[in-house]
Each structure stands twice: as structure tokens, then as C-alpha cells.
Amino acid sequence: MLISWEWLADYVTLDAPIDQVVDRWALSGLNHESTEWVEGVPVIDLEVTSNRADCLGHIGIAREAAVLYSLALKIPAVDLPTSKQSVHEVLEVENLFPEACPRYTARVIRGVKIGPSPEWFAKRLRTIGIRPINNVVDATNYVMMECGQPLHAFDLNRIASNRVVVRPAAQKENFKAIDHRSYVLDPQMVVIGDSRSALALGGVMGGSDSEVSETTVDLLIEAASFEPMAIRRTARRLKLHSPSSHRFERRIDPQGLDFASRRCCQWILQFAGGQLLDGWIDTGAEPKVSSRIPLRRSRITRVLGIEVPWERCQDILSRLGCSLETEQESLVAVPPSFRQDLTREIDLIEEIARVHGYEAIPEDAMVPMVASAARPKDTMMHTVRSIACASGFSETLNPSLIGKAAIDRISPWTVQDPLGTSVPLLEGASHLRRSLIPSLIAARLHNQSQSNRDVRLFETANVYLSQTEQLRGDQLPKEQYNFGCIAESEPRLVRGVFEEMIDRIWGQEGPELEERMVDFDFLDKGSSIAWFLQGSMIAWVGSLSRSLAQANKVDGPVALGELDLDLLLASARSVPKLRTLSPYPAILRDLNFIVDEGVLWGQILSTIEQSAGELCKEVVFREIYRDTKRDGQGKKRVLLTLTIQSDSETLKGEQADAVVSRVVSACEAQRGAKLLAG
Amino acid sequence: MALDQFLTALDSMLGEARACLETVDSAEALEQLRVKYTGAKNGELKSIQKMLAGIEVKDKPAAGKRFNEVRDGIEGALEQAAQRLGGSSQQESAGPAFDPTLPGLRPRLGTIHPITQSLEHLKEIMGRLGFNVTEGPEIEDPWHNFVALNIPEDHPARDPLDNFYLATAKSSDPAAQTTQPARLLRSQTSTVQIRVMETQSLPLRIISLGRVYRPDAPDATHFPMFHQMEGLWVDRNVTMAQLKSVLRLFATSYLGGDVNIRFRPSFFPFTEPSVEVDYWWNGQWIEFGGAGMVDPNVFQAVGIDPEVWSGFAFGLGVERLCMRRFGITDIRDLYRSDVRFLRQFAT
Chain R
1 MLISWEWLAD
11 YVTLDAPIDQ
21 VVDRWALSGL
31 NHESTEWVEG
41 VPVIDLEVTS
51 NRADCLGHIG
61 IAREAAVLYS
71 LALKIPAVDL
81 PTSKQSVHEV
91 LEVENLFPEA
101 CPRYTARVIR
111 GVKIGPSPEW
121 FAKRLRTIGI
131 RPINNVVDAT
141 NYVMMECGQP
151 LHAFDLNRIA
161 SNRVVVRPAA
171 QKENFKAIDH
181 RSYVLDPQMV
191 VIGDSRSALA
201 LGGVMGGSDS
211 EVSETTVDLL
221 IEAASFEPMA
231 IRRTARRLKL
241 HSPSSHRFER
251 RIDPQGLDFA
261 SRRCCQWILQ
271 FAGGQLLDGW
281 IDTGAEPKVS
291 SRIPLRRSRI
301 TRVLGIEVPW
311 ERCQDILSRL
321 GCSLETEQES
331 LVAVPPSFRQ
341 DLTREIDLIE
351 EIARVHGYEA
361 IPEDAMVPMV
371 ASAARPKDTM
381 MHTVRSIACA
391 SGFSETLNPS
401 LIGKAAIDRI
411 SPWTVQDPLG
421 TSVPLLEGAS
431 HLRRSLIPSL
441 IAARLHNQSQ
451 SNRDVRLFET
461 ANVYLSQTEQ
471 LRGDQLPKEQ
481 YNFGCIAESE
491 PRLVRGVFEE
501 MIDRIWGQEG
511 PELEERMVDF
521 DFLDKGSSIA
531 WFLQGSMIAW
541 VGSLSRSLAQ
551 ANKVDGPVAL
561 GELDLDLLLA
571 SARSVPKLRT
581 LSPYPAILRD
591 LNFIVDEGVL
601 WGQILSTIEQ
611 SAGELCKEVV
621 FREIYRDTKR
631 DGQGKKRVLL
641 TLTIQSDSET
651 LKGEQADAVV
661 SRVVSACEAQ
671 RGAKLLAG
Chain C
1001 MALDQFLTAL
1011 DSMLGEARAC
1021 LETVDSAEAL
1031 EQLRVKYTGA
1041 KNGELKSIQK
1051 MLAGIEVKDK
1061 PAAGKRFNEV
1071 RDGIEGALEQ
1081 AAQRLGGSSQ
1091 QESAGPAFDP
1101 TLPGLRPRLG
1111 TIHPITQSLE
1121 HLKEIMGRLG
1131 FNVTEGPEIE
1141 DPWHNFVALN
1151 IPEDHPARDP
1161 LDNFYLATAK
1171 SSDPAAQTTQ
1181 PARLLRSQTS
1191 TVQIRVMETQ
1201 SLPLRIISLG
1211 RVYRPDAPDA
1221 THFPMFHQME
1231 GLWVDRNVTM
1241 AQLKSVLRLF
1251 ATSYLGGDVN
1261 IRFRPSFFPF
1271 TEPSVEVDYW
1281 WNGQWIEFGG
1291 AGMVDPNVFQ
1301 AVGIDPEVWS
1311 GFAFGLGVER
1321 LCMRRFGITD
1331 IRDLYRSDVR
1341 FLRQFAT
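Note that the protein sequences, when read in sequence, are chains R and C.
Just so you know, the numbering used here puts the end of the first sequence at 678, numbered straight through with nothing missing.
Just so you know, the numbering used here puts the end of the second sequence at 1347, numbered straight through with nothing missing.
What follows is the structure, given as C-alpha cells:
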């Protein structure tokens, strides 16, 4: 809201310097955006919050200043001469749409002479950014900027049959506005029309057909109330925002119509001459009287934490325009009609607080201490992120919505379709992510385009999984908190990161996981593995399929993996617990098996675990290599180390030998493994 | 091959090598000896290692052990000789030389995203003030996102164009479509306040942090997805003085002890009185966050008696704080995943 400092002086005499007044406004709810000098006049831009429609005119701002400085507010008196002819003789108004336009009033002035406004008047409009048009249009704009009530002047002789109808627009009705653009209306919009066509789009903008022009002699001055919802909807739908719609959307003073209408007529008579017909046309009922609001004195202290002198409270409320019935410990306030936002006790307390000044409230009140500790989830996330970073992965954050490309269809957690939004988040992105992988591949591609090499990225975020059945009642779709990562490497790197995370979060006592080869179509066949906890997948790892990699021109190997952090958290241990170490030395035995290429480490491991017995504490994979000269094609060598140890005695070589020989026989029998001597 | 034969061969090699290395007097000669004994292809150690294969299995451990000792012995002698010659003959050394000016072997470490760092920083500060972290769903219903927060049906914040409502599922049954309740991506973390007050017992002191969504054309300062922190304290006698005190403590902790802040009346549907907190920075007031006393309508919506309980809530945008802290000038950079950008914020 732009305020002319010079104009403001019409309503309040401020001795304080402008910077001080501006600060007081800011600290009582009208935030200061800027002050600029226009044509030698300071013009102040104030931010008016959406609850304060009363401050969308100079009088409202002046009232705030008058309250803050305990000064008198001067409201101009309007005394109008009228002709003998009654307005009802020349104009008829029918309101068919009171739901959107609860009150429509009209006055008529005949015999005006259109011309420029006086310079001082035009200058006031120019300084606050309104282009002067002529002495009639300027008067309507001036009064709107004075008291906040939008007005509209029609050329009476362009209204067919002197009859105005307030009605819903017809479906696809065409309307040409004074901005000389055409709009297509719908029946939820208010039209001010005559028997032929739409003259104005109610509350938003006038029409070019009934616009006041140089040839205009008779005027209809409209002052009406429109429902905020209807105006907001119209303005948004047509992308047509005007100073009128801005004010009507915020609910203007329903009792201010008469003053604004007369004030406007006063300027027109003064600048353009003519005669005001007697009376006005008023289609609406008198607005209902504001409600009575009780205020308890004790409640003020209870909310603010300070005592505001009772006299001060009363003074503030009455200066704001409330009429009061006061008692010792309470009062009843009836707010003025321009303060539609005041309906409850707490509203009055806020008024007292902001005018008395928030700075009067101390900043060193007692804040009692309470027990407070990090959540298990935060502790877990610290570990998860530390492991990822220590493994060379950098964290990235990506938008929760993605597009519809092949990469975006990657969905290891659900076969259900993605949830969508009616408006896209970014261009083409209207599907909620079912996996973090599509974003991570896109991130990899972006880095590739920037020549950033060997990129390792991770993200921790929710994925959104729709349920099979429709949502009912207060049900919400499933959000699963995932860790996802991508690396230019083979998948073992990602597997190792997941193993470390699970081991650290769960410790030794974690639940049993079932490892299974899985067949996701977006991964290379045979590269992918997943872990299940009681049938639910907790993590998977693999390499991006060749076809997707080629189609998206991804360079280099692409290892991927995702981990369900909700499931991980469900079994997290709070604190690691000591396990007693064996005081007896361990014996390490290296074994080098030759096996068929198709035998998996997992198979060898399970054979060893089943056959080795209790003394075998650990089986460590060392390496796989191939020696086709000696072993022939289709064979590989698997090198591993057994840790053999007892908790109760120092083992002898023969005891370790027994373990090794059991393992060797089992591997021979079950996996066709041949032990490589020495 | 018999064990003792093997051991003898080892011992004699070690003796000969030591004798030669003790008297070697040039780097060139030393290099020849190094190739003679430890050469990868035809070095004597390599040859004798091959004989190991012929040792009987039972003798292998002993043979292997001695072989290792001899190898270590020869390598030690080579090292000593090299050190002895080092002072005088470094320049003439033809072998590979260590270059101490080469860059160090640095561990390859990833970095934490600046937004995550900011979130953790905020949690840490608020944790010290007794506020526990809670969270809620990102997909919400209109009750938690609007109604309970005192945002009525006709409020502009509820406009379908100002929110990301979920598209209704395609259904062959038109009745099912109309009964499908509306869901939307939350436009504020204040939704968590409502969920917490609905389920947790009073008094409570919580913060919640997370992603929120509002349609906004992306530019240097706007992005349709961003992060908020929301705080809530409900107790029997929480006043605006405590609101100011907690936010003062918070601002001082986050922005520094010499920060100049001010509290300015504002308007939010879910708080009253409402306040905007500004801080003085580079010659102007910058918005830090919004706050206010919980509106009695909000308490009533969740079944809390506003005559008995009172409280305050506050919220702030994390991106703005993060960008100011790290000197980031374009919000979109936060969501581009460029590692050159991300690595700058390693801490």
C-alpha cells in the first residue's frame, strides 16, 4: 500500500519525523517496505497484512498513526446539494446475485463536463502510481485510495433502458474490460449488466462499452460490496487483478459504502459540475451490527506475561474505534464496522499488545529446563551419513516429484502406480517418487554433463507408495524413509556400505536377514541382490541395466542401491554392549578352493557355516582370481580365511585341522570345490 | 626336496648376501645386488621360493617360516646398505626416488548437503532449549494442513492453484471418485503441531523440520519445494514474554551474541497475537521467522481447553538461513546435485 505523506496530513497532523512514524507503524503491524520521493513528496510503501482491509486507504493508515501518537483523526465532512429529481426516476437496479454481491448502491449525477482533474488532485494520484484519466475516473480512484472502498463510474447513457442488473455471468459470456482485453466468463462470476450485455465485471473491472469518455454527460456512481471468495476466484481464474479486487478479496467495510459514494460525488460535482439526483439506490440490507466482545483484564496478563494498565487498554481500544462498556475487571467492546477482523477476546488482546508495543514485553522470562535427548532416528541418521561420507558419497537433495520417462518408472518397492499431483512441481514433474534412484541417475547425468567424474551420491528422503485400495477417512499414503545411492563402480561398493550400516545400527543382536537374488528389470540380470526381513525387503543392490544405461547415455559402470531406513530403525540398538573376548589365541587358516565359475560365494559361505562347527568364529572372503592355464576354462579360485578359536582353551593345531578338514570335505561334496594345496 | 637341503640353501644365500651388502660401496653396485636377490623375475629369492613347492607337505610350515625370515633378512640388509650409501651417493642413485612434494594420499570423503547441515544445526540449538524433534507426514489431509490451523474454506491459502493437491485416482465408479478424500503435499510444517497435540500429552515442547511444498515459479530465491522448522511449546502458563525469550535465545545461538533483533506484529491464521522476528544485517532488517501465541481456535480444534493451556508456535524457512550462512545466492543450486557445488560445504 503506497501512502503519500503529504496526502496523509489531511487526516492527521503528525509532528514526528517521517522515519520515526514509519518505525512506529512497522512495530505496530504495518511493515515498512520502502520510502521514495516522488515529485517532491515522500511516498511510503507499507505492507498491509490480509486481515487489515481497513488499512488499504489513507484514512485507515492515518487512524493507526492517530492511535499510536494519541492524536485526533480528521474525517472530511461531506455535505451534498441534490436536485429535486429522484434517482429512482432515471435508474432501476435489480440484484439477482446477492450471494456474490450482498449490497449494490448507485447514485446518479447529470450534466457533468468531463475534463482533467485539478493539478493537485492529479498529482496525489500520480505520486502513488495511479495514472490520472479525467475528473470523474480520478474521483473514483481518489476515494478508493482515501477510504479503501472501490467505486465505479458508468456512462449512464450507455446503459440500455436505464436498468442495471446484477447477475451471474452466462457460461462463456464474453466481456471486454477497460484494459481493452476480452475475457470469457463463467456463472460463478458477477456481472453488472444492462438488458443487452455486461457493463462491468463486478468487483474486478469496468467494461470498455460503458466507460466514462469525453462525451459523457450523465453518470452512475456504483458503490457495492462483493463477497471475498467470489472476487478472489474471478480474479484468479481470469488472471485479472485490480486494486478493486485486491480490496474486495479482503472484505471492506460494509458500512463505508455511503460515505465513499457521497465523497466521490462531492469531488465530481466540484470538478466536473452537474447535478446529483436525490437519494440513492440501495439493493442490500443494512449490514448487521458488530458483535459485542467481552474482555477480561486478567486474560491480558495471562497471554502477554505483562500487566498493561487498565486505562491504557481502554484508551487503545476506544481510539481504534471500539465503543466500550467498562467495569473494574472486564469490559465489553463493540468494534467499528471497518474492523471486521475483531470478533474475539484474543483479537482485542492483540490490538492492545501491538499498540502498547511488543517491546514492552520482556525477553528474559523464565524458561524452565526439561529433559531432552536426541531421538534414536537422529542418532541413526548420524551414523548412516557418516558411513556414506566416509565411503566417498556426497549428499544430494532432489525434488520429491519426477516425470514419466523410463528412468522415472524405476520402482523396486511397489508395483502400484505413482501418486500424482494436479499441478506439476516443476515442468513435467507431477509424479511422487516411488524410489530415490530416478533422481540419483538424473543427478549422475547432470554431473556427467559438467564433466564431473567418478561421482558418488546419496540421498535420504521419503518415497511415496500408494496403497492398493482407495484412501478412506483420515488414511494417508505410505511414506517410506529411504537411503539411496549411486556410484561409478561395481555394486560391491554399495553392498559394503549397506553391510556396514546394518552392522553398526543393529550390532550383533540384530534380526536375521534373508538374502535373495532378485530380478528387477532396471538392473543387470544376475547383478542384483536384496535382503528381506520377515518377508519385507529392507535393501537391494545392483547395476543399472545395459539398456537403460545406453538409452540414457550414462558413461561408466552404475552401481545402485536403496535401503529402507524405517525398517533399519525399527531394530536399531540404543547402545552397543560389551561382548567378552576370548582370552585364548585364535588360529587363522587360509583356504584356496578351485570351484566352477557358477558357484557363488554365498553358497560356499553357507556350506562352511553349516559344516565348520562352533570353533569357527569367522569366515573372511579374501579374493577370487582365475588361473586358466592350470585350472582350465570355467574355473575360479576362491581364497578365504577361517578364524578358529575357543572361549575355554588354547586350541591345538589338530583341533584347527579338524575344523578345516570338515569344511574342505563339505565344500568338496556340496560345491564341487577342490582345495588347492599350499 | 628335503627340508634340510632347502634350509641350507637359504642360509648360504643369506650369508652371502649380507657379506656383499656390508661392503658394497656404490649405488650402482647396490642396485645390481638388489636385482640379483630380490628381482621379480630371476632374483635368487624368487628361484628359491619356487623350490618351496617341492617340499613335503608336513615340512612346509617350517620351510615357509624360514623362507620368510631369510627374505626379511635380505631386505633389511639392502635397506641398511641403502641408508649407509644414502648420504654420499643420493644424486647418482638411478633407482626410483621418493618425491615428498607429491600431493598426499587423501581419504576420499563425501560431504553433507548444506540444507542437512542447517537442519542439524537448528535441531542442536533447539534441543539445548528443551525442544524435542518430532515429524509428520508430507502428504496431508485438509484438516491438518488448514482446518485445524484456523484456515477456513474461503482462505486464499487453500486455493487449489496455491497447493499441490493429489490428483484423484482414476476410477470407473464416479461415486468413488467424489468420496475420495482430498490429500495434498503439506504447505507448512505447522501440520505437525496439530498431529502432536492430537496424540501427545501436555505439556510439550517440540520442533519439527522437513520438506514443504508451494507452487512457485523457480528463480534465484524461490523453489516450489523447501524446508521449514516449526516449534511449539504448550504448557499451563506460557506467555508472550516466554515466546520472546525463547526466540531471543534461539536468535542469539544461531546468529551470534551481538545480533540485533526486533519483534514486529504480524498476522498468521493459527497464532494470535502474531509476530515477525527480524534481524539487522548489512544495514537492513531481514526476516528471521514468524511466531505467535497459539490461536484459541487451534486449541479448540484439537480438544485442548484454551482457558487452561496456552502456548506459542514459531516457524522459519531453512533455505533462507542456509543460503545466508553459506553465502549461496541461487536457491536452485541446492537442488542441482552438482558435486562441485556440494563439495564446497564440507565441514
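From the three backbone atoms N, C-alpha and C, an ideal C-beta is built for every residue, glycine too.
- H431 of chain R has R:I402, R:G420 as its beta-bridge partners, per DSSP.
- Look at N134 of chain R here: in three-state DSSP terms it is coil, with no helix or strand label.
- When the alpha-carbon of R126 of chain R is set against those of R:R354, R:C616, R:P42, the nearest one is in R:P42.
- Using a Cβ-Cβ cut-off of 9 Å, H1113 of chain C is close to S394, E395, T396, L397, E459 of chain R, given in chain order.
- Here P491 of chain R is buried: its Cβ has 16 or more other Cβ atoms, across all protein chains shown, within 10 Å.
- A26, L27, S28, G29, N31: these are the residues of the region 25-38 of chain R whose beta carbon lies less than 7 Å from some beta carbon of chain C, given in chain order.
- Setting aside the 5 residues that flank it on each side, Q645 of chain R is surrounded in the same chain by S582, A586, K617, each with a C-beta closer than 6 Å to its C-beta; the list follows chain order.
- When CB distances to chain C are screened at a threshold of 8 Å, the residues of the region 349-360 of chain R falling below it are I349, E350, A353, R354, Y358, E359, in chain order.
- Cβ-Cβ distances below 8 Å link S318 of chain R to L324 in the same chain, with the five nearest sequence neighbours on each side left out; the list follows chain order.
- Counting only residues of its own chain and dropping the five nearest sequence neighbours on each side, R1343 of chain C has a CB closer than 6 Å to the CB of T1111.
- Counting along the chain, G1015 of chain C sits inside the alpha helix (DSSP H) bounded by residues 1003-1023.
- Chain order gives no chain R residues near L1255 of chain C, where near means a beta carbon separation below 8 Å; the closest approach is about 15 Å.
- Taken in chain order, the complete beta strand (DSSP E) segments of 3 residues or longer contained in the region 86-172 of chain R are 92-95, 103-110, 151-155, 163-168.
- In this structure, the straight-line span from the alpha carbon of E609 of chain R to that of L600 of chain R is close to 14 Å.
- According to the DSSP assignment, F483 of chain R belongs to the beta strand (DSSP E) that extends over 478-487.
- Membership of M1126 of chain C in the alpha helix (DSSP H) is indicated by the continuous run 1114-1128.
- Near chain R, meaning a CB-to-CB distance below 8 Å, the residues of the region 1211-1245 of chain C are R1211, Y1213, P1215, P1218, P1224, M1225, N1237, T1239, M1240, A1241, Q1242, K1244, S1245.
- Interface annotation, S1337 of chain C: in contact with chain R, CB-CB separation under 8 Å.
- Taking 8 Å as the cut-off, the beta carbon of N1150 of chain C is found no closer than this to the beta carbon of D1305 of chain C.
- Among the residues of the region 411-427 of chain R, those with a Cβ less than 7 Å away from any Cβ of chain C are L419, G420, T421, S422, V423, L425, L426, in the order of the chain.
- Just so you know, the alpha carbons of P309 of chain R and Q1228 of chain C end up roughly 38 Å apart.
- With a minimum length of 4 residues, the unbroken runs of alpha helix (DSSP H) contained wholly in the region 639-674 of chain R fall at 653-671.
- Neighbours of K1058 of chain C in chain R, taken as residues whose beta carbon is under 7 Å from its own, are absent, since the nearest beta carbon is some 11 Å off.
- In the DSSP annotation of this structure, the continuous segment of the alpha helix (DSSP H) that includes L548 of chain R starts and ends at 546-551.
- Under the three-state reduction of DSSP output, K74 of chain R falls in the coil class, being neither helix nor strand.
- Per DSSP, the beta-bridge partners of W1233 of chain C are C:R1205, C:F1312.
- Excluding residues up to 5 positions away in sequence, N174, F175, K176 lie with their Cβ nearer than 8 Å to the Cβ of S182 of chain R in the same chain.
- For G1110 of chain C, a Cβ of chain R is located within less than 8 Å of the residue's own Cβ.
- Under the Cβ distance rule, D347 of chain R counts among the residues neighbouring chain C, one pair being separated by less than 8 Å.
- Cβ neighbours of A530 of chain R within its own chain (closer than 7 Å, five residues either side excluded): R516, V518, M537, A539, W540.
- According to the DSSP secondary-structure assignment, F271 of chain R is paired through a beta bridge with no residue.
- Residues of the region 1029-1050 of chain C with a C-beta less than 8 Å from any C-beta of chain R: none at all.
- L401 of chain R sits away from S435 of chain R, with the two beta carbons spaced by 8 Å or more.
- Remark: C-beta atoms of V1302 of chain C and A1182 of chain C do not approach each other more closely than 8 Å.
- For the region 586-618 of chain R, there are no residues whose beta carbon sits under 9 Å from a beta carbon of chain C.
- Counting of Cβ neighbours within 10 angstroms places A72 of chain R among the exposed residues, the total staying below 16.
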